[in-house]
Amino acid sequence: MTTTDGVAVTKRALHEISRGYVKTALLRTAIDLRLFDGLADGAEAGALALERSVDERALRIVLDGLTAIGLLCKDGARYHLPPGGEEFLLSSGPHYFGGAVRLGASDWEWDAQRRLTDAVRKGGTVLEQHYLTPELEYWEDFAEHTTWFNNGAAELLADQLVPWAEGRDSVDVLDVAASHGAYGFSFARREPKARIWCLDWPNVLPHTRRNAERFGLADRLNLIPGDMFSVPLGGPYDIALVTNVLHHFTEETAVRLMTRIATAIKPGGRVVVVGHTFRGGEDPRQNPMPFLFSVSMLAQTHDGETHSVGTYERILTASGFTGTRLHTGPAAQHTVFIAEKA
Ligand SMILES: C[S@@+](CC[C@H](N)C(=O)[O-])C[C@H]1O[C@@H](n2cnc3c(N)ncnc32)[C@H](O)[C@@H]1O
Numbered sequence: 002m003t004t005t006d007g008v009a010v011t012k013r014a015l016h017e018i019s020r021g022y023v024k025t026a027l028l029r030t031a032i033d034l035r036l037f038d039g040l041a042d043g044a045e046a047g048a049l050a051l052e053r054s055v056d057e058r059a060l061r062i063v064l065d066g067l068t069a070i071g072l073l074c075k076d077g078a079r080y081h082l083p084p085g086g087e088e089f090l091l092s093s094g095p096h097y098f099g100g101a102v103r104l105g106a107s108d109w110e111w112d113a114q115r116r117l118t119d120a121v122r123k124g125g126t127v128l129e130q131h132y133l134t135p136e137l138e139y140w141e142d143f144a145e146h147t148t149w150f151n152n153g154a155a156e157l158l159a160d161q162l163v164p165w166a167e168g169r170d171s172v173d174v175l176d177v178a179a180s181h182g183a184y185g186f187s188f189a190r191r192e193p194k195a196r197i198w199c200l201d202w203p204n205v206l207p208h209t210r211r212n213a214e215r216f217g218l219a220d221r222l223n224l225i226p227g228d229m230f231s232v233p234l235g236g237p238y239d240i241a242l243v244t245n246v247l248h249h250f251t252e253e254t255a256v257r258l259m260t261r262i263a264t265a266i267k268p269g270g271r272v273v274v275v276g277h278t279f280r281g282g283e284d285p286r287q288n289p290m291p292f293l294f295s296v297s298m299l300a301q302t303h304d305g306e307t308h309s310v311g312t313y314e315r316i317l318t319a320s321g322f323t324g325t326r327l328h329t330g331p332a333a334q335h336t337v338f339i340a341e342k343a
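Sequential numbering from 2 applies to the sequence shown in the working numbering.
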């Protein structure tokens, strides 16, 4: 296959791409106005407009737009949810996507992308408030709304660590930049000896604690508020988790952080790194997600990007870890790297 196979620029595709933000706006509006909840049993625009106290003509236009992009179905004048709607679009659904929309399509993320051209000129974010800003408010929303995103990789991680932890006397876990804490908590639910130390900015940790309470793990939780590059880490720990963090930085900065973390792990202990990756050298069309994620990192960090598998392996080796193995699964969007403290 050559790199041009199956590729052709068409006017239609360009229209789609240049107006992609209209789709985002429709989804955001539907979540803001709880339109999907109002259509759980099907409804006409007039009835829903009355219920939601909005303009009927405007709502009809929005509902038709949502139908046009496949998020609603329409029979005559009645709108209803398509297959999958109950799971993802109803606020009571098991995998409700509303939180993810509030975050991924937030004003802040839109603003960052709007300034992508400036970021390209500069070589990194031009935002005053960006991912590396201490106690960024955005991370509070992240801690509240992204838990379910990570479940595939969190389960994968637990599958690998639970058998290893079984024979150990203690299973103390440091979760660096823990946010919602879902990775450590998913593991701790399956390993009763596990105690978790969650490190994050002080404004985020109340959300971490609430999540631990939801998981029934509050009595096994300890909090370390502060900057991961300078706060005392405590320890030594049996396991350290560094999930979805290293793409904020260059390889050099990642090695500096991981070398620091290595000092807090017992010899023979384990480190788990999770992130979006690509193999290196592949055509981005084959696996668009990590490449598009890298664009977000360009707009939101000084020098972060999606790292390749090879870069993650180099970071771990240079930071004093050995025997790196990587795990991926069909449900996990991320790759899980597990290595041993030498
Ligand atoms: C992308 S989230 C990753 C959260 C979680 N580990 C996960 O896998 O979803 C990044 C987290 O790092 C935290 N963070 C960023 N810079 C930090 C720093 N210098 N010290 C401590 N936490 C930091 C943020 O508050 C946020 O909760």
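Glycine residues also receive a C-beta, built at the ideal position from the N, C-alpha and C atoms.
* residue 241 versus residue 122: straight-line alpha-carbon distance, rounded -> For the purposes of this step, residue 241 is taken as the residue at position 240 of the sequence shown. For the purposes of this step, residue 122 is taken as the residue at position 121 of the sequence shown. Looking at the two C-alpha atoms, the distance is approximately 37 Å.
* To do: Kindly indicate which residue of 343, 232, 294 and 334 has the alpha-carbon position closest to the one of residue 239.
  => Against the sequence shown, residue 239 aligns to sequence position 238. Checked all of 343, 232, 294 and 334; the closest Cα to residue 239 is 343.
* **Spatial distance of residue 33 from residue 216 (CA atoms)** => For the purposes of this step, residue 33 is taken as residue 32 along the sequence shown, with counting starting at 1. For the purposes of this step, residue 216 is taken as residue 215 along the sequence shown, with counting starting at 1. Their backbone Cα atoms lie some 28 Å apart in a straight line.
* To do: Excluding the 5 residues preceding and the 5 following residue 154 in the sequence, name in chain order all residues of the same chain whose CB lies nearer than 6 Å to its CB.
  => Here residue 154 is taken as the residue at index 153 of the sequence shown, counted from 1. Same-chain partners within the cutoff: 275, 333, 335 and 337.
* Looking at C-alpha atoms only, which residue of 313, 5 and 270 is the closest neighbour of residue 170? -> For the purposes of this step, residue 170 is identified with residue 169 of the sequence shown, where counting begins at 1. Ranking the options by Cα distance to residue 170, first place goes to 270.
* Asked: Per DSSP, what kind of secondary structure is residue 35 in: helix, strand or coil?
  -> As a first step, residue 35 is located in the sequence shown; it is residue number 34 there, counting from the start. Reduced to three states, the DSSP call for residue 35 is coil.
* Asked: Is residue 328 helix, strand or coil when you go by DSSP?
  -> Position 327 of the sequence shown, counting from 1, holds the residue named residue 328. Strand, per DSSP.
* When the Cα atoms are used, what is the spatial distance from residue 13 to residue 311? -> Position 12 of the sequence shown holds residue 13. Position 310 of the sequence shown holds residue 311. Distance between the alpha carbons of residue 13 and residue 311: 38 Å.
* In the DSSP assignment, find the unbroken alpha helix (DSSP H) run with residue 111 in it and report its ends. => On the sequence shown, residue 111 is found 110 positions in, with the first residue counted as 1. For residue 111, the uninterrupted alpha helix (DSSP H) segment begins and ends at 108-115.
* Buried or exposed: where does residue 368 fall if 16 or more other Cβ atoms within 10 Å of its Cβ makes it buried? -> The chain is shown from 2 up to 343; residue 368 falls before or after that span and cannot be answered.
* Is there at least one non-hydrogen atom of ligand 1 closer than 7 Å to the beta-carbon of residue 201? -> Position 200 of the sequence shown, counting from 1, holds the residue named residue 201. Yes.
* 8 Å Cβ cutoff met for residue 187 and residue 159 -> Locating residue 187 in the sequence shown gives position 186, counting from the first residue. Locating residue 159 in the sequence shown gives position 158, counting from the first residue. Cβ distance < 8 Å, so residue 187 and residue 159 count as in contact.
* Indicate the three-state DSSP secondary structure (helix, strand or coil) for residue 82 in the structure shown. => Within the sequence shown, residue 82 is the residue found at index 81, counting from 1. Three-state DSSP puts residue 82 in coil, outside helix and strand.
* Of the residues 26, 43, 114 and 320, which one's Cα is nearest the Cα of residue 293? -> Working through the sequence shown from its first residue, we reach residue 293 at position 292. For the residues 26, 43, 114 and 320, the minimum Cα distance to residue 293 belongs to 114.
* Provide the residue(s) that pair with residue 132 in DSSP beta bridges, ordered along the chain. => In the sequence shown, the residue the question calls residue 132 occupies position 131. Answer by DSSP bridge pairing: none, since residue 132 is not bridged.
* Asked: ligand 1 heavy atoms versus the CB of residue 220: any closer than 7 Å?
  -> What you label residue 220 is simply residue 219 of the sequence shown in a count that begins at 1. Not under cutoff, so the answer is no.
* Closer than 6 Å by C-beta to residue 258: which residues in its own chain qualify, once you throw out the five before and the five after it? Chain order, please. => Walking along the sequence shown from the start, residue 258 turns up at place 257. Answer for residue 258: no residue qualifies.
* Asked: Grouping DSSP H, G and I as helix and E and B as strand, with all else coil, what is residue 225?
  -> If you number the sequence shown from 1, residue 225 lands on position 224. Three-state DSSP puts residue 225 in a strand.
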